[in-house]
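Residues in the sequence shown are numbered from 381 upward in steps of one, following our numbering.
Okay, structure first, notes after.
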Amino acid sequence: MSKISTSCGTIAILVTLTAPASISLADGANGHAHRASAETSSTPHASINAGKAGTADSSARTINISMNDNYYEPESVSVKAGETIRFVVQNNCDFVHEFNVGTSAMHTSHQSEMMMMVQHGVLRPNSINMEAAEAMQASMGHGMHDEPNSILLEPGQRGEVIWTFPASSDVEIEFACNVPGHYESGMLGHFSIN
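And the structure:
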């Protein structure tokens, strides 16, 4: 996969164009990373065929993932079937990005939820509004972005996802950013399961 040469500014325009005009895209950093947690997950995005949440003591190795303008470094990762990996993810861009492990179908499903987060003022181009997330959680039962296969990071933040890959290599698994417009701009990578 090759990098698409666009900038974070282009991504911001895509987010703005895909969100309803009534959404406030005001700036306001709150210094909070949405951390995935198996214990707090209420709607399982991760299905058995894409793997499952892992634990730090079971991780075989650590892989650093850098989130840049609209691409990841590395763009592809080789893993062993059944291997547990600790991904340390750093957002090096000026905008909110996500690292989400799943199949293409899982990402498609999650993108509509991410759009709802934009529509409810939770996701802003460069920050996460925790008050809006809590209000969305209280009124709709979701909005906290707390799945074990995903982490949502503001600019400059670092977090981790610990993931156990399936024992079979017959499923195609990607890592992707599902913030509106980002996946479509090419912000995805692939796992090679051996």
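Cβ atoms here follow ideal geometry from the backbone N, Cα and C, with glycine treated the same way.
message: Going by the DSSP bridge assignment, what does Ala556 pair with across the sheet?
response: Asn480 and Leu568
- request: Return the residue from the list Val476, Ser439, Arg441 and Ala433 that minimises the CA-CA distance to Met497.
  value: Val476
Neighbourhood of Asn509 by C-beta, 6 Å cutoff - its chain only, sequence neighbours within 5 removed: Gly501 and Val502
query: Which residues in the same chain have their Cβ closer than 6 Å to the Cβ of Gly431, if we skip the five residues on either side of it in sequence?
result: Trp543, Thr544, Phe545 and Pro546
- prompt: Helix, strand or coil: how does DSSP classify Val551 here?
  reply: coil
task: Could you tell me whether the Cβ atoms of Ser530 and Asn480 are closer together than 7 Å?
output: yes
field: Closest Cα partner of Val541 within the set Ala440, Lys460 and Val469
entry: Val469
- request: Give every residue of the same chain whose Cβ lies closer than 8 Å to the Cβ of Val459, excluding the five residues on either side of it in the sequence, and list them in chain order.
  value: The answer, listed in chain order, is Ile465, Phe545, Phe571, Ser572, Ile573 and Asn574.
- prompt: With a CB to CB cut of under 6 Å and the five nearest residues on each side skipped, what residues in its chain are close to Asn444?
  reply: Val468
message: Can you give me the C-alpha to C-alpha distance between Gly536 and Ser507, rounded to a whole angstrom?
response: So the alpha carbons of these two residues sit roughly 11 Å apart.
query: Smallest Cα separation from Gly434: which of Leu532, Glu552, Gly561 and Pro528?
result: Among Leu532, Glu552, Gly561 and Pro528, the Cα nearest to that of Gly434 is on Pro528.
- prompt: For Leu568 versus Glu554, is the C-beta distance shorter than 7 Å?
  reply: yes
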